[in-house]
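Asks:
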Amino acid sequence: MAKEGASLACWWAPWMLSWTPAPEWLPIGSCTRQGTRSSAASHVGIIAEENKSKAALEDEDSGKFREAELKMRKLFGMPGEEKLVNYYSCSYWKGRVPRQGWVYLSVNHLCFYSLLLGKEVTLVVQWTEVTRLEKNATLLFPESVRVSTRHTEHYFSMFLNVNDTFKLMEQLATIAMRQLLDNEGFAADHSLPKACKTLKNVSALKRDLDARAKNERYRALFRLTQDERLDGHTDCTLWTPFAKMHIVGQLFVSNNYICFCSREEDLCQLIIPLREVSIVEKADSSSVLPCPVSISTKNKMTFLFANLKDRDFLVQRISDFLQRTPESGHSGSPSPSTTPLSSSLPTPTGAAGEPSQRRHYSPSLPTATQGLLHIYQKDTPEEHGPKAKEKMKEESWNIHFLEFGRGVCMYRTSKTRELVLNGIPESLRGELWLLFSGAQNEMDTHPGYYAERVEQAMGRCTLATEEIERDLHRSMPEHHAFQNEMGIAALRRVLTAYACRNPGIGYCQAMNIVTSVLLLYCTEEEAFWLLVALCERMLPDYYNTRVVGALVDQGVFEELTRACLPFLYEHMQELGVISTISLSWFLTLFLSVMPFDSAVLLVDCFFYEGIKVIFQVALAVLHANMDTLLDCNDEGEAMTILGRYLDNVVNKQTVSPPIPHLHALLTSGDEPPPQIDVFQLIKSSCDKFGSLRADVIEQMRFHQRLKVIQSLEDTAKRSVVRAIMTDSAFSIGELEELYVHFKAKHIMSCYWGSSTTAAERHDPSLPYLEQYRIDLGQFCQLFGALGTWLCGTHTATLAARLFRLLDMNKDGLINFKEFVTGLSGMYHGDMTEKLKLLYNLHLPPALCPEEAESALEATQFFTDDDTPQEPPFLSDLDFLVQEVTSGEEVKEAEDASGSGDAEEKKEVKDYKYYLRMWAMENEPKKETIKDLRRMNQEQFIELCKTLYNMFSEDPLEQELYHAIATVASLLLRIGEVGKKFTNNGANKPTDNTNAQAPAAELPQPEKEEPNGESSSGQSLVCRALAEAQLETPPQQTSDEEVKDDTSVSSYSIVSTGSLQCEDIADDTVLIGCAGDQQRRGSILDGDWSITFEQVLASMLTEPPLVDYFEKKGDIHARMAGCKMQRRVERQVSSSSDHELAQLST
């Protein structure tokens, strides 16, 4: 199985998986692990050996599954990248009529197909569109699965195994939610292996997903790291010396741990790291102790497992893993301060080669060896009562250590839980937090890691470090440990090191409060690994930019309130209080709303029992204030009641001096409310809500996760629309639907492959409208589906030019705002705006040099040494251009003569003039048509080719062809006439052959005769007409000939390939040329150029062109067609009937 990403946290997998105990060793079927074996059972993993007859049957079944996969791709138009996980026979309820068929569950889609009595039913639902997934049983829909989206609901029933189907649906929906979050976790899902060797109705991908889910449950149960892989599990018994009895449970073996969990909850749990194992041996078997295995550790503890069905295989597997386990430098002790950090760090040197003293972290720092509470503990005499109770707690834990062991291999029983609920002594708090959270194991296997991250991160300036610096002095400012530089510096190093470790999270508010509490009882390195355990395992996705995990648990809390306190829930919903108060409770584990000495006891329980205890305490707080909350009339009154209640939760057994709670000081009234003992609150929460189970919480989390993420998507969509609507002519509804298509294309590009990864496309620090981007391939697909300027085979070229024009930062990606800008110009611009956009598409950077060279190559078809004759006449338009050019020259001369006076006036300008000029320079300049660059001959030819292709499917194509041919000829002559006057003006002072062209950006051409240049330009238009497969219009000598020639159109479309370059003979004439003129030329005219104003003026003379560009496009029809289209754009090749027939035979 492909390695899973670190962010695919344990709580993402549903816990409602089948973990039925099996009577034999059950390895997990992973495709990449050597030595594992395959099983035909759906829940048990692997059978040791298979005979040849079973292998033949497996091949047959594999063929059936591949046939089903090809059938799915053919029926629903899926590409080869879409992986089928499994398919089931079921009924789809359309109205009240069930349609029997097959449901296909792929990685990204839920598909259903039915064909009965000639009636075909096809359904395709993306998992990213699912908002709710439920399994229910009603009279109308017995044993059904309801799949809800934003707009409709779908019911499926009559499954052979509805539980197995629903579990797989949950897994796939969970993967889709991870895609919507668009973080690194999706990369692991994207790299799932293809089904290479499958069984009947069970693909290799399905087995891998099952193994992934079991791995996640295994890691969550024993608080293990994300890279841990479960190899197998088996039933057994464990001899407990403290109880003098055998406990029935399951033994789990992974690549780094041996774990045991009793069948009865909280009876006994055991975690044995392989790095601590010294001996594994088979003990003597007897009737009382059958098939025992003894495991000894380095700290002289021995564990005896019995009733193992496959003892030899188990011992061999453990031996294999032991050989791969490196020797550990730690011996399971709670403190890692003995690790020589200096040996793992590069030593900076100064200018003289001496070691630099500017290291940010050193083992000699006080916070590297002890917690801040111990450093700043005052020697003031404590009260005899609390101090005696603290000593009693320490003694109770010491007795527990003697009886159950100490360190990572300690037996964890119900007695351990009782001690934790009664409060952990301050001297043992850091050690036990590390132990119960699993941070101890991760710290022991990564010596020197924290110091390296500190040295790597400190001194950098990022968004995370800026936010950290802003919040450093807000972290428990009432505590004296953070009123000096030592505590602040330690907090800075831990937060900065974690931001360097996990840039996806970086830093989030509330992390500073939690980390400051960790530093009070732990060293810096211990606090760092506790923060890793919190953010990545125990509270996953709590501290990202959108606090998704906290919002999910907030929804779970509301659902629990409705189930446990229904009357209060209805009233609180009316006031809208639950969603307001609960977020801070979960984000800071009550540390920000409760006195420190009381809240830290909840942290003790949290590290041992997980998030369940936070839900229990939150429900107990509401239950204790139910009567007063029911009498509240507004949200503020309810928040005040709850705030004052939490402010007065006290810990009477604390030995530390009282720390004032800022919130309590600000909200205290005239009469202080009665104090609440925190131990009594914890006991009440366990008594009243202790039946809450972890698997129920996980199931509720799954439902709330769908709701929260889809709600965040809707919020993002509304934010984007509000930000763009003022700059776009599209309506709100149109923008929202365009956003849906754009985001869907982004998601598809992620799981069907693209030139960039999801992480490169997504930047959560940017505004919503800039977070999601698409590359050139996806843009071309959207342009073909939604654009109005479709040019047949030339559409992709035009789309690529528009993409380059919109990609302002040249990163190969465009965001939604840039995408809408391009569409808005095509749909809602007037003729001038549309022509301006089309004009820019044929100028750099939209027109790349490779495309421009194609126009130069076109001249090779018309190369000849003959010099064409000069046109015998100039049209009225030529004289008009000449007058305009002459007028501009006169005006320039007048401006030059008056320049001296202007300079004198500038000297007497006062300072207000310069202020006005400075203000004008700072104002954003709006681009006008006069600011557009001139178009040279290569670019003009490309523009002509685009226009001819655009008109090819228009109903008025004949009129449009005639109009554009006329305009093209006129523009060619305008460029020639303008070039003549430019060349004459440039050659008057000197006879320099390298005179500059009027447009500075045009390339400098070699000197040519004007007539030759004219002929070259005319021949290039012929090439453009040839590529557009049009006949060149014949020369018209008079208006009467134009009127008489109505029987045969000169602009009719010819058949494909009928107009070849060789067909353009020497006597073919363009408009405005003499009948005996030869169109010859070999190079493009570098002096020839036209302006956008000239193009616009020429276009306005032709009514068909005006009507075409003034016509409004129908975006609704385009979007409806795009929505109904289920064909996949990235499909390389679809499965044919021949392929299906081959597999079926």
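Just so we're on the same page, the numbering used here is the position in the sequence shown counted from 1, plus 3.
Glycine included, C-beta positions come from ideal geometry on N, C-alpha and C.
If you compare alpha carbons, which of S585, Q459, M446 is closest to T526?
Replies: Position 523 of the sequence shown, counted from the first residue, corresponds to residue 526. It is M446.
Asks: Assign F255 to one of two classes, buried (16 or more other C-beta atoms within 10 Å of its C-beta) or exposed (fewer than that).
Replies: Translated into the one-based positions of the sequence shown, residue 255 becomes position 252. Label assigned to F255: buried.
Asks: Would you give the residue range spanned by the alpha helix (DSSP H) that C794 belongs to?
Replies: Indexing the sequence shown from 1 puts residue 794 at position 791. It is not in any alpha helix (DSSP H) - C794 carries neither H nor E in the DSSP assignment.
Asks: Taking the C-alpha atoms as reference points, what is the distance between L748 and G825?
Replies: Counted from its first residue, the sequence shown places residue 748 at position 745. Counted from its first residue, the sequence shown places residue 825 at position 822. Looking at the sequence itself, residue 748 is Lys, so the reference to Leu does not match. Computed Cα separation, rounded: 17 Å.
Asks: Roughly how many angstroms lie between the CA atoms of D315 and D323, to the nearest whole one?
Replies: Counted from its first residue, the sequence shown places residue 315 at position 312. Counted from its first residue, the sequence shown places residue 323 at position 320. Those two C-alpha atoms are separated by around 12 Å.
Asks: Span of the alpha helix (DSSP H) holding E515?
Replies: Numbered from 1 along the sequence shown, position 512 holds the residue referred to as residue 515. In the sequence as displayed, the identity of residue 515 is Asn instead of Glu. Taken as a continuous stretch (DSSP letters only), the alpha helix (DSSP H) holding N515 covers 514–524.
Asks: Where do the N-terminal and C-terminal ends of the alpha helix (DSSP H) with M248 fall, by residue?
Replies: Numbered from 1 along the sequence shown, position 245 holds the residue referred to as residue 248. Segment 248–257 is the beta strand (DSSP E) holding M248; no alpha helix (DSSP H) there.
Asks: To the nearest angstrom, how far is the alpha carbon of M953 from that of F705?
Replies: Translated into the one-based positions of the sequence shown, residue 953 becomes position 950. Translated into the one-based positions of the sequence shown, residue 705 becomes position 702. Answer to the nearest angstrom: the Cα atoms are 50 Å apart.
Asks: For A849 and A460, I'd like the C-alpha separation in whole angstroms.
Replies: Here residue 849 corresponds to residue number 846 of the sequence shown, with the count starting at 1. Here residue 460 corresponds to residue number 457 of the sequence shown, with the count starting at 1. Those two C-alpha atoms are separated by around 41 Å.
Asks: Give the DSSP-derived three-state secondary structure of T352 in the structure shown.
Replies: Here residue 352 is taken as the residue at index 349 of the sequence shown, counted from 1. Per-residue confidence for T352 stands at a pLDDT of 39, beneath the threshold of 50, marking its modelled position as unreliable; no derived number is given.
Asks: What residue from V106, K77, K74, M81 has the CA that sits closest to N89's CA?
Replies: Start at 1 with the first residue of the sequence shown, and residue 89 comes out as number 86. Among V106, K77, K74, M81, the Cα nearest to that of N89 belongs to V106.
Asks: Any idea if I516 is buried or exposed, counting beta-carbon neighbours within 10 angstroms, 16 or more meaning buried?
Replies: Translated into the one-based positions of the sequence shown, residue 516 becomes position 513. With 16 or more other Cβ atoms within 10 Å, it is buried.
Asks: Starting from D556, follow the alpha helix (DSSP H) in both directions and report where the run begins and ends.
Replies: The count along the sequence shown starts at 1 and reaches residue 556 at position 553. Per DSSP, D556 belongs to the alpha helix (DSSP H) from 551–567.
Asks: G693 and Y524: beta carbons closer than 8 Å?
Replies: Taking the first residue of the sequence shown as position 1, residue 693 is located at position 690. Taking the first residue of the sequence shown as position 1, residue 524 is located at position 521. No.
Asks: Distance check for R721 and C271, CA to CA, integer angstroms please.
Replies: Locating residue 271 in the sequence shown gives position 268, where the first residue counts as 1. Locating residue 721 in the sequence shown gives position 718, where the first residue counts as 1. Computed Cα separation, rounded: 51 Å.
Asks: What whole-angstrom Cβ distance do L695 and K746 have, given they're in contact under 8 Å?
Replies: Within the sequence shown, the letter at position 692 stands for residue 695. Within the sequence shown, the letter at position 743 stands for residue 746. About 37 Å; that fails the 8 Å criterion.
Asks: How would you write the range of the alpha helix (DSSP H) that D238 sits in, first residue to last?
Replies: Here residue 238 is taken as the residue at index 235 of the sequence shown, counted from 1. Note, D238: premise wrong, no alpha helix (DSSP H); beta strand (DSSP E) at 233–243.
Asks: Whole angstroms is fine: what's the gap from A989's alpha carbon to L789's?
Replies: To locate residue 989, count along the sequence shown from 1; it is residue 986. To locate residue 789, count along the sequence shown from 1; it is residue 786. Low local confidence applies: a pLDDT of 49 at A989 is under 50, so the model's placement there is unreliable, and no value is given.
Asks: Round the Cβ separation of E1113 and M834 to the nearest angstrom and send it over; I've been treating them as touching at under 8 Å.
Replies: In the sequence shown, the residue the question calls residue 1113 occupies position 1110. In the sequence shown, the residue the question calls residue 834 occupies position 831. That pair is a contact at about 5 Å.
Asks: Could you tell me how far apart the beta carbons of S117 and G98 are, in whole angstroms, since I believe they sit closer than 8 Å?
Replies: Along the sequence shown, read from residue 1 onward, the residue named residue 117 stands at position 114. Along the sequence shown, read from residue 1 onward, the residue named residue 98 stands at position 95. Actually they do not touch by this definition, with Cβ atoms about 14 Å apart.
Asks: Could you name the residues of the same chain whose beta carbon sits closer than 8 Å to that of I1093, not counting the 5 residues immediately before and after it, in chain order?
Replies: Position 1090 of the sequence shown, counted from the first residue, corresponds to residue 1093. Within the same chain, I1093 has close Cβ partners R937, M938, F943, L974, I977, G978, G981.
Asks: Within a Cβ cutoff of 6 Å, which residues of the same chain sit near K1151, ignoring the five residues on either side of it in sequence?
Replies: Lying outside 4 to 1148, the shown extent of the chain, residue 1151 is not represented and no answer is given.
Asks: With DSSP as the reference, please indicate the residues paired to C262 in a beta bridge.
Replies: As a position in the sequence shown, residue 262 is number 259, starting the count at 1. Note: C262 sits in a beta bridge opposite F255, I274.
Asks: Rounded to the nearest angstrom, what separates L368 and I491 at their Cα positions?
Replies: Numbered from 1 along the sequence shown, position 365 holds the residue referred to as residue 368. Numbered from 1 along the sequence shown, position 488 holds the residue referred to as residue 491. So the two alpha carbons sit approximately 13 Å from each other.
Asks: Spatial neighbours of E740 within its chain, please: CB distance less than 7 Å, with the 5 preceding and 5 following residues excluded, ordered by chain position.
Replies: Taking the first residue of the sequence shown as 1, we reach residue 740 at position 737. So the list reads M1122, once near-sequence residues are dropped.
Asks: Could you tell me which residues DSSP pairs with K122 in its beta bridges?
Replies: As a first step, residue 122 must be located in the sequence shown, where it is residue number 119. K122 is bridged to L119.
Asks: Within its chain, find whatever has a CB closer than 7 Å to the CB of L1103; leave out the 5 residues flanking it on each side and keep chain order.
Replies: As a working note, residue 1103 is residue 1100 in the sequence shown. V1109.
Asks: Using a 10 Å radius around the Cβ and a threshold of 16 neighbouring Cβ atoms, would you call L119 buried or exposed?
Replies: Here residue 119 corresponds to residue number 116 of the sequence shown, with the count starting at 1. With fewer than 16 other Cβ atoms within 10 Å, it is exposed.
Asks: Do the CB positions of E173 and S160 come within less than 8 Å of each other?
Replies: Against the sequence shown, residue 173 aligns to sequence position 170. Against the sequence shown, residue 160 aligns to sequence position 157. Result no, Cβ atoms of E173 and S160 do not sit closer than 8 Å.
Asks: For G462, does the three-state DSSP call read helix, strand or coil?
Replies: To locate residue 462, count along the sequence shown from 1; it is residue 459. Three-state result, G462: coil.
Asks: So if DSSP puts L108 in a beta bridge, which residue, or which two residues, is it bridged to?
Replies: As a position in the sequence shown, residue 108 is number 105, starting the count at 1. Per DSSP, N89, L113.
Asks: Look at G558 and Q707 and say whether their C-beta atoms are less than 8 Å apart.
Replies: Counting from one through the sequence shown, the residue named residue 558 turns up at place 555. Counting from one through the sequence shown, the residue named residue 707 turns up at place 704. A contact, by the Cβ cut-off of 8 Å.
Asks: Is the beta carbon of Y91 sitting closer than 8 Å to the one on T177?
Replies: In the sequence shown, counting from the first residue as 1, residue 91 sits at position 88. In the sequence shown, counting from the first residue as 1, residue 177 sits at position 174. No; because the gap between Cβ atoms is not below 8 Å, this pair is not in contact.
Asks: Who are the near neighbours of T240 in its chain, counting only those whose CB is closer than 8 Å to its CB and skipping five residues on each side?
Replies: As a working note, residue 240 is residue 237 in the sequence shown. H249, I250, V251, G252, F308, A309, N310, listed in sequence order.
Asks: So, at 6 Å on beta carbons, what are the nonlocal neighbours of R415 in its own chain, with the 5 sequence-adjacent residues on each side left out?
Replies: As a working note, residue 415 is residue 412 in the sequence shown. Same-chain partners within the cutoff: Q272.
Asks: Between the C-alpha atoms of V652 and Y510, what's the straight-line distance to the nearest angstrom?
Replies: What you label residue 652 is simply residue 649 of the sequence shown in a count that begins at 1. What you label residue 510 is simply residue 507 of the sequence shown in a count that begins at 1. Rounded to the nearest angstrom, the two C-alpha atoms are 30 Å apart.
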